[in-house]
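There are 2 protein chains.
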Amino acid sequence: MKILVTNDDGIDAPGINALAEALCEVAEVAVVAPDRERSAVSHALTLHHPLRAIKVGQNRYSVDGTPTDCVNLGIHSLLDFHPDIVVSGINRGANLGDDVTYSGTVAAALEATLMGIPAIAFSLATLADDANYSQAASFAVRLAALVIKNGLPKDTFLNVNFPAKGELLSPLITTQGKRRYEGTIVDKVDPRGRSYYWIGTADLDFHDIEGSDYAAIKRGHISITPLHLDMTNHYSIAHLNSWTF
Amino acid sequence: MKILVTNDDGIDAPGINALAEALCEVAEVAVVAPDRERSAVSHALTLHHPLRAIKVGQNRYSVDGTPTDCVNLGIHSLLDFHPDIVVSGINRGANLGDDVTYSGTVAAALEATLMGIPAIAFSLATLADDANYSQAASFAVRLAALVIKNGLPKDTFLNVNFPAKGELLSPLITTQGKRRYEGTIVDKVDPRGRSYYWIGTADLDFHDIEGSDYAAIKRGHISITPLHLDMTNHYSIAHLNSWTF
């Protein structure tokens, strides 16, 4: 197995190191990851300035760009192999429900899927500094091997979330859940008297929909959601065709 | 009608001005847009530093953030009204097929949808500096009024693309098309002898799939694609449930 590993927490994050180390025991692994935390950068691609890649070890590159940039540079320029799979994570914090659209971790898997390479995004549902990624990493190794063996449905990648604590219960195949949306913007005045705004992250609060990623995590299961590149609401096409423009 | 207008080309782009001016004739309009071009920033949200908003006119704000930031700040902090609809664009260049996942224009509409506000993203399929946005803007006004009147299917927004030139043919309800993916990374050496990488944008090249956004634009029609927040590949769930983990 040849595997490209990336993330959005940055190349020095504990989650990516746990993942890469576990994979190294069964595969040839390259790491191409952002040089710093790039959370919530979504599927952003750096078009307006050049990127730098620093070789920080054997098959290990630190890039001053987004996770999507890293997948691009890895595949097209840096790696001396074509990966069988791209894995992203293990993210510090869950990527559930509508939040997948903000996530750099998920976007890296999406980018690989656009290139026709199987991909999985992994996230651990805790922000704790002393989080233990080893159980999640062990499962990630098994799942990566399974995906390479079985293949994935067309244009589809897996978004995997692990519950924060305790024995991991069996994985469930889930649907993308629904966030309870609450804007939390801090509106303050700086030391020079000018207004500033700071977008907050709300607490993990989702609708408890049966079969959803959130419902699985809440009950201690590993959640595996198949996500598709096609965002078309196919069911609405007939309805919209009845409109008079 | 109360309308929030944003984009990803920046507040001084001709497309947003054409759109806002046309809407002003029939609605109360506020503009909250990035202070510079923020193309390809996708659904990125600025979490790690504060944002500034400069009032540059009546109900007109320039923000040093992403389109998603602009929608957040507009709705939660800056506007003195709750909009009936959020419109984004008119983007300089098409947002077709898989490219919707990179687009800041499309992400702004997605963000509004997460907030439960109807939303439309508009793009003109040309990069020409002398592009004429007036025909597209006229249609945008009609479509915005229609969406407010009819409502949109749940968790769904519209991604609208206009062909570059000529008489606009009737709008078609389309599906998200498929890009021919080709990485184009420029790999060069800077004046100080260090390597740099620059991600290129490939030419507009899509599979000509019947009923797709690209097929509509290519034939001179306005393309209207209903996009859904849920990326779950529901069809693959039964298949994945047959895997042994």
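Chain order of the listed sequences is A and P.
Numbering of the first sequence is given in this note's numbering, commencing with residue 1 and proceeding in unit increments.
Numbering of the second sequence is given in this note's numbering, commencing with residue 1001 and proceeding in unit increments.
Built from N, CA and C at the ideal position, the CB exists for glycine as well.
Note that the structure is predicted; figures quoted are calculated from it, not measured.
Secondary structure at Leu1078(P): helix, using DSSP grouped into helix, strand and coil.
Fully enclosed beta strand (DSSP E) runs of no fewer than 3 residues occupy 156-162, 169-173, 185-189, 195-199 of the stretch 146-205 of chain A, in order along the chain.
Here the stretch 141-149 of chain A makes no contact with the stretch 107-114 of chain A; the two share fewer than three CB pairs at distances below 8 Å. Contact between the stretch 165-180 of chain A and the stretch 1228-1237 of chain P is present: three or more C-beta pairs spanning the two stretches fall below 8 Å. Straight through space, the alpha carbons of Asp155(A) and Gly116(A) are spaced by roughly 7 Å. DSSP, read as helix, strand or coil, puts Glu28(A) in strand. Ranking Leu146(A), Pro14(A), Phe81(A) by CA distance to the CA of Thr126(A) puts Pro14(A) first. Going by DSSP, Asn1241(P) is part of the alpha helix (DSSP H) stretching over 1237-1241.
Secondary structure remark: continuous beta strand (DSSP E) runs of at least 3 residues inside the stretch 1114-1140 of chain P, in chain order: 1119-1124. Scanning chain A for C-beta atoms nearer than 8 Å to the C-beta of Pro1226(P) yields Thr232, Asn233, Ser236, Ile237, Leu240, reported in chain order. Gly1166(P) has a beta carbon lying at 8 Å or more from every beta carbon in chain A. Taking 7 Å as the upper bound on Cβ-Cβ separation, chain P lies near residues Ser39, Ala40, Val41, Ser42, His43, Ala44, Leu45, Thr46, Leu47, Pro50, Leu51, Arg52, Ala53, Asp69 of the stretch 37-70 of chain A.
Taken atom to atom, the span from the alpha-carbon of Leu168(A) to that of Leu73(A) is near 34 Å. Residue contact check for Pro34(A) against chain P: no CB pair falls below 8 Å. Taking a contact to require three or more Cβ pairs closer than 8 Å, the stretch 1083-1096 of chain P and the stretch 1003-1021 of chain P qualify as touching. Per the C-alpha coordinates, the member of Asp1098(P), Gln1135(P), Pro1034(P), Asp1080(P) positioned closest to Asn1059(P) is Asp1080(P). Under DSSP, Arg60(A) forms a beta bridge with Val31(A), Gly57(A).
In the three-state reduction of the DSSP assignment, Leu96(A) falls in the coil class.
Short of 8 Å from the beta carbon of Val56(A), and not among the five residues preceding or following it, lie these beta carbons of its own chain, in chain order: Ile11, Ser62.
Listed along chain A is no residue with a C-beta nearer than 7 Å to that of Asp1080(P); the closest approach is about 14 Å.
Counting only the Cα atoms, Tyr102(A) lies some 23 Å from Ile75(A).
Chain A has no Cβ within less than 8 Å of the Cβ of Asn1091(P). Taking 8 Å as the cut-off, the beta carbon of Asp98(A) is found closer than this to the beta carbon of Leu1114(P). It is roughly 42 Å from the alpha-carbon of Asn159(A) to the alpha-carbon of Glu1021(P).
Taking a Cβ-Cβ cut-off of 8 Å, the neighbours of Pro171(A) in chain P comprise Phe1245, given in sequence order. From the listed residues Ala136(A), Ala238(A), Thr184(A), the smallest Cα separation to Gly93(A) is found for Ala136(A). As DSSP reads the structure, Thr1105(P) sits in no beta bridge. Following the DSSP letters along the chain, one finds Pro1067(P) inside the alpha helix (DSSP H) bounded by residues 1067-1073. Using beta-carbon distances, Asp129(A) does not count as an interface residue toward chain P, since no partner is under 8 Å. Here the alpha carbon of Trp1198(P) sits roughly 35 Å from the alpha carbon of Asn150(A).
Between the alpha carbons of Ala216(A) and Ser1236(P) lies a distance of about 18 Å. If you check each beta-carbon in the stretch 1013-1025 of chain P against every beta-carbon of chain A, none falls closer than 8 Å. Nearest Cα to Met1(A) within the set Ile16(A), Asn17(A), Val26(A): Val26(A). Using a Cβ-Cβ cut-off of 8 Å, Tyr1133(P) does not count as an interface residue toward chain A, since no Cβ of chain A sits closer than that to its own.
Taken in chain order, the members of the stretch 1090-1112 of chain P whose beta-carbon sits within less than 8 Å of a beta-carbon on chain A are Asp1098, Val1100, Thr1101, Tyr1102, Ala1107, Leu1110. Remark: C-beta atoms of Thr1174(P) and Ser1212(P) approach each other more closely than 8 Å.
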